[in-house]
Amino acid sequence: MNTYKNYPGKSENNNKTTNNNKTTKSYWGFLNSYRDTIIISTISTTSISLKKWINLDNHWAGCFLHEGKDIPGLKDKVNTERSRYAKTLKLFWQEIIKEFKEKENIVLADSSHSQKNIEIPANSIPINSIPIKNFHKNININDFCHDILQELDNKSNIHPFYKYDEHEISKIIKNPMDLFTINSKLENNQYTSTEEFENDIRLIFRNCYTYNKLGSEMYTLGEALESAFNKIWIEKIIFQVNKKEKLKRARDNDTDLSSELVIKQIRILEQNKDNLVYRQVVNDALLIASAYENLIADNIVPFIEILKTFLSTRSQISLSSANEPVLQAIVENLLPSKYYIPELSLVMDGTKSKGFGRFGYSDIFILKGIGNNNISLELKYISLVGLIKNQKKRFNTNDLENLDKIIEKEDEKVLLKRSYTYWSKEHNETKQITLEEILNNGVNQLKSYMNIILKGKSIDYYSSGIFDKRIKITESNPNKLKGLYW
72 MNTYKNYPGK
82 SENNNKTTNN
92 NKTTKSYWGF
102 LNSYRDTIII
112 STISTTSISL
122 KKWINLDNHW
132 AGCFLHEGKD
142 IPGLKDKVNT
152 ERSRYAKTLK
162 LFWQEIIKEF
172 KEKENIVLAD
182 SSHSQKNIEI
192 PANSIPINSI
202 PIKNFHKNIN
212 INDFCHDILQ
222 ELDNKSNIHP
232 FYKYDEHEIS
242 KIIKNPMDLF
252 TINSKLENNQ
262 YTSTEEFEND
272 IRLIFRNCYT
282 YNKLGSEMYT
292 LGEALESAFN
302 KIWIEKIIFQ
312 VNKKEKLKRA
322 RDNDTDLSSE
332 LVIKQIRILE
342 QNKDNLVYRQ
352 VVNDALLIAS
362 AYENLIADNI
372 VPFIEILKTF
382 LSTRSQISLS
392 SANEPVLQAI
402 VENLLPSKYY
412 IPELSLVMDG
422 TKSKGFGRFG
432 YSDIFILKGI
442 GNNNISLELK
452 YISLVGLIKN
462 QKKRFNTNDL
472 ENLDKIIEKE
482 DEKVLLKRSY
492 TYWSKEHNET
502 KQITLEEILN
512 NGVNQLKSYM
522 NIILKGKSID
532 YYSSGIFDKR
542 IKITESNPNK
552 LKGLYW
């Protein structure tokens, strides 16, 4: 005899497992959507024991699988879902039992249904958690983070980032991170702040961009996931600020000014949440912050992508008249102002005279916000005009655009052999040089700057080192200095 032939809630379950919307084949989606029906159905039958929540869960999971028996792979998915959401399901069914007893005016005789005393089977370790409405009056770190993960799962494809292949990435990725690890840390209460959780999430994105090729399917999935996370993260922070305001908590007169500034910014964002301009500005700012974090973590690709996007908005004519100062101003505009120093002053050789090699200036020195890396950037601007002058004496915008398309796909060795024409102020004449020579000269210049920076603070004009009042040099744990040449 089939025990699921005519169970309570059959029609709702059948509709849920046979439609084509996003929640199809989701056991949790069915429970969450038809919660009230389940309570009524529980009242209407006495065949299900209410002594343990697992009895209800087993019953409804069986019903759900019965209705979806023709859906390929549904059983495995439901089993995985029940294991992943074990803690959430426990809380869900406890609420169902509680509301059932309230409706029946039954007083709980003991505390066997309390969260502390109910045992979860050993094989039901939760991998994710979904918040239950009005279950907690005050959201703690775990609830906040679980909520974000669940919403991220609903709005984007997180499955490729669930578990990394240790054998494949171990040689490339120094600090692996995946959603399985994050969920495990949540379940073991290892996060002491939402910032730690955010750092781990963003580490997944950085690793994705480092390991996968630009434009690949996984790289694109990583960008989509990061964009979804940024939006959810802002929304949740706004929600938390509003909640604190509603509780009218007393404010300390000595509240840190930076925290007050953040709260003020969030209020502005909330007031303009439907303003497309504000939404775009916020999204751009988050992308810049992410690119900066990747840059500090030794992955320059996301920052290059932002720079390319910015430059693509400019006309070829405007770019043809640009130079290194213009490029530096653009790069500075794409970095958090607090974390970089333009034109870092250095004493290169104290034995030489001013203007003849005593001083040097590192184009952009990027300070670490997280991690142990500081970055020294050396910039060189290669214009299309300087490249095309060796081919044509007369040229127009179309010629520049065609050349741009050619060199974008050109082999690196061929590209480096190209000649470049420029005006030398030192010799007051036109000079020719290959791109390879420009590259090598720039790398050597960068190395010389880095060697001076490593010496620390300069005592005076006659000793080599950093000679810049904008930077404070103190004793600390060893840090890494890395050079990037563009």
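Per the numbering used here, residue 72 is the first one in the sequence shown, and the count goes up by one each step. The beta carbon of each residue, even a glycine, is placed where N, CA and C say it ideally should be.
Any beta carbon from chain C within less than 9 angstroms of residue i's own beta carbon?
i    : result
I272 : Chain labels in this structure do not include chain C; a single protein chain is all it has.
So residue i and residue j are supposed to be a Cβ contact under 8 angstroms. How far apart are they, rounded?
i    : j    : result
L41  : V353 : One cannot answer for residue 41 here, as it falls past the ends of the chain, which runs 72 to 557.
T422 : N461 : Contact doesn't hold; Cβ gap of about 40 angstroms is too wide.
I272 : I253 : 7 angstroms
I537 : I524 : 6 angstroms
L406 : I437 : 7 angstroms
D434 : L448 : 5 angstroms
F232 : L250 : 6 angstroms
I367 : K439 : 6 angstroms
L223 : I303 : 6 angstroms
A360 : P373 : Not confirmed; about 11 angstroms, so no contact.
D420 : G428 : 5 angstroms
Y452 : E395 : 4 angstroms
D128 : W164 : 6 angstroms
In this structure, does DSSP put residue i in helix, strand or coil?
i    : result
G462 : According to the sequence displayed, residue 462 carries Gln and not Gly. If DSSP states are grouped into helix, strand and coil, Q462 belongs with coil.
I189 : Low confidence applies here, because I189 scores a pLDDT of 29, under 50, leaving its location unreliable and the question unanswered by this model.
G421 : coil
N445 : strand
G513 : helix
P413 : strand
T384 : coil
D434 : strand
S495 : strand
K502 : strand
K528 : strand
S535 : coil
S287 : coil
S241 : coil
S490 : strand
S97  : coil
I210 : Note that I210 has pLDDT 49, beneath the 50 cutoff, so the model's placement of it is unreliable and no number is given.
M521 : helix
I142 : coil
I453 : coil
Y156 : coil
K302 : helix
R541 : coil
N228 : coil
R429 : coil
P247 : coil
K439 : coil
P373 : helix
K335 : helix
K148 : helix
K344 : coil
Starting from residue i, trace the alpha helix (DSSP H) both ways and give me its first and last residue.
i    : result
K234 : Here K234 belongs to no alpha helix (DSSP H), and DSSP marks it neither H nor E.
N354 : 347-367
K476 : 468-480
L398 : 395-404
Exercise. Does the segment 461-474 come close enough to the segment 528-548 that 3 or more CB-CB pairs lie under 8 angstroms?
Worked result: Taking a cut-off of 8 angstroms on C-beta distances, the segment 528-548 does not touch the segment 461-474, as fewer than three cross pairs fall below it.
Problem set entry | Cβ contact (3+ pairs, closer than 8 angstroms) linking the segment 255-275 and the segment 215-229 | Taking 8 angstroms as the limit for Cβ pairs, the verdict is that the segment 215-229 does touch the segment 255-275.
Exercise. Mind pulling the alpha helix (DSSP H) runs of 4 or more residues that sit fully within the segment 250-274?
Worked result: Listed in chain order, the complete alpha helix (DSSP H) runs (minimum 4 residues) inside the segment 250-274 are 250-258.
For this session: Please confirm if the segment 296-307 is in contact with the segment 220-231, defined as three or more CB-CB distances below 8 angstroms between the two stretches.
Result: Segments in contact, yes.
For this session: Decide if the segment 480-492 is in contact with the segment 514-522; the criterion is three or more beta carbon pairs, one per stretch, under 8 angstroms apart.
Result: At 8 angstroms Cβ cutoff, the stretches do not touch.
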